[in-house]
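> Sequence lines, in order, name chains A and B.
For the first sequence, my numbering assigns the number 9 to the initial residue and increments by one for each residue that follows.
For the second sequence, my numbering assigns the number 9 to the initial residue and increments by one for each residue that follows.
Number of protein chains: 2
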Amino acid sequence: MRRPYLLFLGAATDPSDAKTAFGLRDWCRDDVAGQHRLPGCAVDLGLPELDPAAAAEAGVGSMLIGVAPVGGRVEEAWIAPLVSALRCGLDLVSGLHQRLEEVPEIAEAAKETGRDLHNVRHATRSFPVGTGRKRPGKRLLTVGTDCALGKKYTALAIAAELKRRGVDADFRATGQTGLMIAGRGVAIDAVVADFIAGAAEWLSPAADPDHWDVIEGQGSLHSPAYAGVSLGLLHGSQPDALVVCHDPGREHMVDLPHVPMPGVNEAAELAVMLAKRTNPAARVVGVSVNTSGLAEGRRGPVLAALRQETKLPVVDPMVEGVAELCDALSVPHHAAAGAA
Amino acid sequence: MRRPYLLFLGAATDPSDAKTAFGLRDWCRDDVAGQHRLPGCAVDLGLPELDPAAAAEAGVGSMLIGVAPVGGRVEEAWIAPLVSALRCGLDLVSGLHQRLEEVPEIAEAAKETGRDLHNVRHATRSFPVGTGRKRPGKRLLTVGTDCALGKKYTALAIAAELKRRGVDADFRATGQTGLMIAGRGVAIDAVVADFIAGAAEWLSPAADPDHWDVIEGQGSLHSPAYAGVSLGLLHGSQPDALVVCHDPGREHMVDLPHVPMPGVNEAAELAVMLAKRTNPAARVVGVSVNTSGLAEGRRGPVLAALRQETKLPVVDPMVEGVAELCDALSVPHHAAAGAA
Chain A
9 MRRPYLLFLG
19 AATDPSDAKT
29 AFGLRDWCRD
39 DVAGQHRLPG
49 CAVDLGLPEL
59 DPAAAAEAGV
69 GSMLIGVAPV
79 GGRVEEAWIA
89 PLVSALRCGL
99 DLVSGLHQRL
109 EEVPEIAEAA
119 KETGRDLHNV
129 RHATRSFPVG
139 TGRKRPGKRL
149 LTVGTDCALG
159 KKYTALAIAA
169 ELKRRGVDAD
179 FRATGQTGLM
189 IAGRGVAIDA
199 VVADFIAGAA
209 EWLSPAADPD
219 HWDVIEGQGS
229 LHSPAYAGVS
239 LGLLHGSQPD
249 ALVVCHDPGR
259 EHMVDLPHVP
269 MPGVNEAAEL
279 AVMLAKRTNP
289 AARVVGVSVN
299 TSGLAEGRRG
309 PVLAALRQET
319 KLPVVDPMVE
329 GVAELCDALS
339 VPHHAAAGAA
Chain B
9 MRRPYLLFLG
19 AATDPSDAKT
29 AFGLRDWCRD
39 DVAGQHRLPG
49 CAVDLGLPEL
59 DPAAAAEAGV
69 GSMLIGVAPV
79 GGRVEEAWIA
89 PLVSALRCGL
99 DLVSGLHQRL
109 EEVPEIAEAA
119 KETGRDLHNV
129 RHATRSFPVG
139 TGRKRPGKRL
149 LTVGTDCALG
159 KKYTALAIAA
169 ELKRRGVDAD
179 FRATGQTGLM
189 IAGRGVAIDA
199 VVADFIAGAA
209 EWLSPAADPD
219 HWDVIEGQGS
229 LHSPAYAGVS
239 LGLLHGSQPD
249 ALVVCHDPGR
259 EHMVDLPHVP
269 MPGVNEAAEL
279 AVMLAKRTNP
289 AARVVGVSVN
299 TSGLAEGRRG
309 PVLAALRQET
319 KLPVVDPMVE
329 GVAELCDALS
339 VPHHAAAGAA
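1) Indicate the three-state DSSP secondary structure (helix, strand or coil) for alanine 345 of chain B in the structure shown.
2) Got a sec: is the Cβ-Cβ distance from leucine 104 of chain A to anything in chain B below 8 angstroms?
3) My assumption, with CB atoms under 8 angstroms, is that glycine 225 of chain A sits in contact with lysine 159 of chain A. Please give the rounded CB distance.
4) Write down the C-beta distance between aspartate 178 of chain A and valine 222 of chain A rounded to the nearest angstrom, noting that I regard them as a contact closer than 8 angstroms.
5) Counting only runs that start and end within the stretch 284–321 of chain A, where is the beta strand (DSSP E) found for 3 or more residues in a row?
6) Could you tell me the distance, in whole angstroms, from the CA atom of valine 111 of chain B to the CA atom of arginine 81 of chain B?
7) Looking only at its own chain, which residues have a Cβ that is under 6 angstroms from the Cβ of alanine 347 of chain A, when we skip the five neighbours before and after it?
8) Output yes or no for whether 8 angstroms exceeds the beta carbon distance between threonine 318 of chain A and alanine 290 of chain A.
9) Arginine 180 of chain A and cysteine 334 of chain A: beta carbons closer than 8 angstroms?
10) Opposite cysteine 253 of chain A in the DSSP bridges: which residues?
11) In this structure, does DSSP put histidine 260 of chain B in helix, strand or coil?
12) At what residue ranges does the stretch 67–153 of chain A contain a whole run of the beta strand (DSSP E), taking only runs of 3 or more?
13) For the stretch 196–204 of chain A against the stretch 238–253 of chain A, do three or more pairs of beta-carbon atoms, one drawn from each stretch, fall closer than 8 angstroms, so that the two count as touching?
14) How big is the Cα-Cα spacing for aspartate 25 of chain B and threonine 121 of chain B?
15) Would glutamate 87 of chain A and isoleucine 114 of chain A be called neighbours here (beta carbons separated by less than 8 angstroms)?
16) Please report the distance separating the alpha-carbon of histidine 219 of chain A from that of alanine 207 of chain A.
17) Would you verify that the beta carbon of leucine 98 of chain B is, or is not, closer than 8 angstroms to some beta carbon of chain A?
18) Strictly below 9 angstroms CB to CB, what residues from chain B border isoleucine 223 of chain A?
19) Pop quiz: threonine 132 of chain B and proline 325 of chain B are said to be a contact at Cβ under 8 angstroms. What is the actual Cβ separation, rounded to whole angstroms?
20) For the beta strand (DSSP E) holding glutamine 43 of chain B, just list the boundary residues, first then last.
21) Please identify the residue among B:Ile166, B:Gln184, B:Tyr234 and B:Gly244 whose C-alpha is closest to the C-alpha of serine 212 of chain B.
22) Can you look up aspartate 202 of chain B in the DSSP assignment and give me helix, strand or coil?
23) From this set, B:Thr286, B:Leu125 and B:Thr139, which residue's C-alpha is nearest glycine 79 of chain A's C-alpha?
24) In this structure, how does DSSP classify serine 338 of chain A when only helix, strand and coil are distinguished?
25) Would glutamine 184 of chain B be called buried (16 or more neighbouring beta carbons within 10 Å of its own) or exposed?
26) Does the beta-carbon of aspartate 38 of chain A have 16 or more other beta-carbons within 10 angstroms, so that it is buried, or is it exposed?
27) I'd like to check one pair, methionine 188 of chain A with valine 128 of chain A: are the Cβ atoms closer than 8 angstroms?
28) Taking the C-alpha atoms as reference points, what is the distance between serine 92 of chain A and aspartate 255 of chain B?
29) Is valine 222 of chain A helix, strand or coil when you go by DSSP?
30) Give, in chain order, every residue of the stretch 274–294 of chain B whose Cβ lies closer than 9 angstroms to some Cβ of chain A.
31) According to DSSP, simplified to helix, strand and coil, what is glutamate 57 of chain A?
32) Just curious, the beta strand (DSSP E) that aspartate 178 of chain A is in, first and last residue?
33) Going by DSSP, which residues form a beta bridge with phenylalanine 16 of chain B?
34) Using a threshold of 8 angstroms, state whether the C-beta atoms of proline 288 of chain B and leucine 148 of chain B are closer than that.
35) Under 8 angstroms between C-beta atoms, does valine 200 of chain A make it to chain B?
36) Please identify, using Cβ separations under 7 angstroms, the residues of the stretch 207–233 of chain A that lie next to chain B, in order along the chain.
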């Protein structure tokens with residue numbers, strides 16, 4: 009895919025719809041040249057505003073769709089700016105379920121201009137069915153009380169911290185944004201349902217006993233929309249360690265005003281109970297809290313209350329980092345030195 | 009699809025691999041003309057043996073693949089007989105994940121002969137994501153301690169018994185065999201993972217308060233391969249009533265010798281706990297036991313022990329029928345008379 013990227017935000021008003029854009033900005037800052045927003049857009053990445061023509065002049069390679077609406081389809085209002093990007097000489101990168109070439113105007117413009125359409129959510133290979141057979145190597149999976157609250161960020165931060173400590177670790181991407189950041193992985197929610205667990209087994213293959221795969225979680229076992237994806241990923245990942253990700257500011261699940269959020273302990277207990285089916289040693293090692301939506305002064309008390317409730321390490325990875333979560337994995341602070 | 013069917017069994021040795029063929033024989037007997045078996049096949053439907061040439065002469069319209077190997081792909085040894093069926097003038101009907109036209113020899117023979125290839129597992133439409141929003145109407149879902157032990161049969165039998173009682177009821181097919189029998193439905197395990205629950209919601213739409221949808225379950229919440237499918241189907245189905253299907257003769261899950269079978273109570277408790285997320289009134293109304301693998305004389309004691317263990321109605325639908333399960337739904341024995 010041709011870098012750098014122009015991040016397209018459409019007319020997004022909810023930052024949680026723009027998690028792809030935030031992920032690219034936070035984890036691949038050098039590959040990102042600016043943002044392109046439509047009228048009404050209330051999300052701001054704090055990047056230079058560029059339209060496709062200016063971006064092309066500035067040497068941008070691709071416009072990347074940085075928003076992920078429910079259902080993952082191209083919105084009507086995006087078609088003109090996407091076509092315009094192609095006509096200005098940019099490729100398009102998409103993590104949507106719908107393939108870009110399914111939109112006739114986009115397919116036609118790509119053909120006319122000779123520009124490339126990248127649909128990263130669509131695996132180019134097929135997967136076996138899962139077996140539940142235990143594989144060597146250690147695995148950590150982030151699970152959530154809901155969607156879009158920090159499972160990817162937490163996994164990326166833990167993988168980075170483990171590497172910093174000299175641990176042999178890999179981040180394993182399971183969503184379109186993680187995939188764009190890591191350059192490999194499986195968009196697990198786009199796999200045919202029968203093969204969810206099998207794809208998760210494939211993603212995190214047998215490894216050295218001391219190797220850690222840090223696997224990006226998806227959805228929530230409590231989500232009436234996506235729990236099937238979360239369970240297949242949990243079974244296939246066979247996690248030794250689980251980190252529960254939570255947003256204490258939410259009054260209901262995202263996009264589902266009629267569905268209450270589960271509690272952190274409730275989510276932890278369900279995840280461990282179900283995880284034991286493929287790894288009897290599965291345990292929760294800590295809680296990752298997204299406090300970005302909390303009013304000033306509320307952060308400390310909320311984290312303290314969660315520590316009290318769960319008796320576990322509780323951090324906001326964007327504030328405290330994830331050192332405390334990695335400590336709970338019982339890996340040495342300087343594994344490389346120890347192994348040398 | 010052109011009927012009647014010739015049921016192709018390949019070289020199957022395990023009857024549970026041939027559940028599609030058994031389902032067609034048991035529920036659409038008039039549409040089935042015979043069986044075609046390859047050397048080594050140990051499964052016998054008790055139907056006339058016909059090769060494709062004899063079947064074509066006898067007026068058969070299609071050869072239907074009656075076996076479902078793990079992973080759902082065309083086996084090497086099937087290619088010649090499938091091509092032969094096309095050359096004899098038969099269409100092909102398949103419920104496999106792999107599309108028939110993906111096998112070059114089959115695609116070529118279909119093109120040359122002008123015969124049709126039907127891939128019933130592939131939905132011709134897309135689905136929305138699930139919402140978990142409660143819909144009017146009553147729903148029953150069969151769930152299993154494992155795959156391939158009677159969830160479809162039980163659902164078909166309950167739907168038939170309810171109709172016999174004058175209840176407004178529909179069987180809702182979620183697998184390839186159910187679909188071939190009912191002529192409609194969704195092969196839920198072939199849906200893109202993000203849309204499992206949404207497809208289940210679509211399959212069983214809002215209905216009259218007294219209407220019953222009897223939904224065919226898939227997989228098992230305890231299956232390390234397929235639990236994601238089972239959970240998405242459970243959430244999307246919002247069942248008021250669950251029937252747990254079990255095979256007491258199995259020592260481990262099918263095709264997974266390292267995975268123990270869950271107990272009936274364990275399966276019932278997990279299903280109810282997870283079902284309450286989208287229907288707080290969900291309850292288990294009975295147990296359906298497949299006793300076909302039990303030695304003579306063991307049937308009675310096994311059912312009695314399960315009754316003792318679960319305190320629920322326990323039947324083998326192929327022996328006792330499902331009247332006792334329908335009684336537990338609190339529908340009147342003569343709903344039509346009552347409603348008149």
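Just so you know, even glycine gets a beta-carbon here, dropped at the ideal spot from N, CA and C.
In short:
1) Residue mapping note: residue 345 of chain B aligns to position 337 of the second sequence, counting from 1. Reliability fails at alanine 345 of chain B, whose pLDDT of 41 lies under 50, so the model's placement of it is uncertain and the value that follows must be treated cautiously. It is helical.
2) Sequence index remark: in the first sequence, residue 104 of chain A carries index 96 (1-based). It does not: the Cβ of leucine 104 of chain A has no partner Cβ on chain B nearer than 8 angstroms.
3) One-based indexing of the first sequence puts residue 225 of chain A at position 217. One-based indexing of the first sequence puts residue 159 of chain A at position 151. Yes, they are in contact, since the Cβ atoms of glycine 225 of chain A and lysine 159 of chain A sit about 4 angstroms apart, within 8 angstroms.
4) Locating residue 178 of chain A in the first sequence gives position 170, counting from the first residue. Locating residue 222 of chain A in the first sequence gives position 214, counting from the first residue. Indeed they touch by this definition, with Cβ atoms about 7 angstroms apart.
5) Runs of the beta strand (DSSP E) inside the stretch 284–321 of chain A: 291–297.
6) Counting from one through the second sequence, the residue named residue 111 of chain B turns up at place 103. Counting from one through the second sequence, the residue named residue 81 of chain B turns up at place 73. Straight-line Cα distance between these residues: approximately 10 angstroms.
7) Taking the first sequence and counting its residues from 1, one reaches residue 347 of chain A at position 339. Per-residue confidence for alanine 347 of chain A stands at a pLDDT of 39, beneath the threshold of 50, marking its modelled position as unreliable; the derived number appears in the next sentence. No residues qualify anywhere along the chain.
8) Here residue 318 of chain A corresponds to residue number 310 of the first sequence, with the count starting at 1. Here residue 290 of chain A corresponds to residue number 282 of the first sequence, with the count starting at 1. No, they are not a contact pair.
9) Along the first sequence, one-based indexing puts residue 180 of chain A at 172. Along the first sequence, one-based indexing puts residue 334 of chain A at 326. No. Outside cutoff.
10) Along the first sequence, read from residue 1 onward, the residue named residue 253 of chain A stands at position 245. A:Gly152 and A:Ser296.
11) As a first step, residue 260 of chain B must be located in the second sequence, where it is residue number 252. Reduced to three states, the DSSP call for histidine 260 of chain B is coil.
12) 70–73, 99–102, 125–127 and 146–152
13) yes
14) As a working note, residue 25 of chain B is residue 17 in the second sequence. As a working note, residue 121 of chain B is residue 113 in the second sequence. Rounded to the nearest whole angstrom, the CA to CA distance from aspartate 25 of chain B to threonine 121 of chain B is 30 angstroms.
15) Working through the first sequence from its first residue, we reach residue 87 of chain A at position 79. Working through the first sequence from its first residue, we reach residue 114 of chain A at position 106. Rather than glutamate, the amino acid found at residue 87 of chain A in this sequence is isoleucine. It is a contact, given that the beta carbons lie within the stated cut-off.
16) Within the first sequence, the letter at position 211 stands for residue 219 of chain A. Within the first sequence, the letter at position 199 stands for residue 207 of chain A. Rounded to the nearest angstrom, the two C-alpha atoms are 20 angstroms apart.
17) The sequence position of residue 98 of chain B within the second sequence is 90, counting from 1. Using beta-carbon distances, leucine 98 of chain B does not count as an interface residue toward chain A, since no partner is under 8 angstroms.
18) The count along the first sequence starts at 1 and reaches residue 223 of chain A at position 215. For isoleucine 223 of chain A, no chain B residue has a C-beta closer than 9 angstroms to its own C-beta; the minimum C-beta separation is roughly 15 angstroms.
19) The residue labelled residue 132 of chain B in the question sits at position 124 within the second sequence. The residue labelled residue 325 of chain B in the question sits at position 317 within the second sequence. Not quite, the Cβ-Cβ distance comes to about 32 angstroms (not below 8 angstroms), so this is no contact.
20) Within the second sequence, numbered from 1, the residue matching residue 43 of chain B stands at position 35. That run of the beta strand (DSSP E) goes 40–45.
21) By one-based count along the second sequence, residue 212 of chain B stands at place 204. With distances taken between Cα atoms, serine 212 of chain B lies closest to B:Gly244.
22) Position 194 of the second sequence, counted from the first residue, corresponds to residue 202 of chain B. Three-state result, aspartate 202 of chain B: helix.
23) By 1-based counting over the first sequence, the position of residue 79 of chain A is 71. Residue B:Thr139 is the option with its Cα nearest to glycine 79 of chain A.
24) Taking the first residue of the first sequence as position 1, residue 338 of chain A is located at position 330. Per DSSP, reduced to three states, the secondary structure at serine 338 of chain A is coil, with no helix or strand assignment.
25) Numbered from 1 along the second sequence, position 176 holds the residue referred to as residue 184 of chain B. Classification of glutamine 184 of chain B: buried, given that the 10 Å Cβ count is 16 or more.
26) On the first sequence, position 30 is the one that residue 38 of chain A refers to. Exposed.
27) In the first sequence, counting from the first residue as 1, residue 128 of chain A sits at position 120. In the first sequence, counting from the first residue as 1, residue 188 of chain A sits at position 180. With contacts defined by Cβ atoms closer than 8 angstroms, valine 128 of chain A and methionine 188 of chain A form a contacting pair.
28) By one-based count along the first sequence, residue 92 of chain A stands at place 84. By one-based count along the second sequence, residue 255 of chain B stands at place 247. CA-CA distance, serine 92 of chain A to aspartate 255 of chain B, rounds to 60 angstroms.
29) The sequence position of residue 222 of chain A within the first sequence is 214, counting from 1. Note: valine 222 of chain A maps to strand in three-state DSSP.
30) Leu278, Met281, Leu282, Arg285 and Thr286
31) As a working mapping, residue 57 of chain A is identified with position 49 in the first sequence. Assigned with DSSP and collapsed to three states, glutamate 57 of chain A falls in strand.
32) The residue labelled residue 178 of chain A in the question sits at position 170 within the first sequence. Run containing aspartate 178 of chain A: 177–180, per the beta strand (DSSP E) assignment.
33) Against the second sequence, residue 16 of chain B aligns to sequence position 8. B:His44 and B:Ile73.
34) In the second sequence, counting from the first residue as 1, residue 288 of chain B sits at position 280. In the second sequence, counting from the first residue as 1, residue 148 of chain B sits at position 140. For proline 288 of chain B and leucine 148 of chain B, no; Cβs fall outside 8 angstroms.
35) Taking the first sequence and counting its residues from 1, the one referred to as residue 200 of chain A is at position 192. With 8 angstroms as the cut-off, valine 200 of chain A counts as an interface residue toward chain B.
36) His230, Pro232 and Ala233
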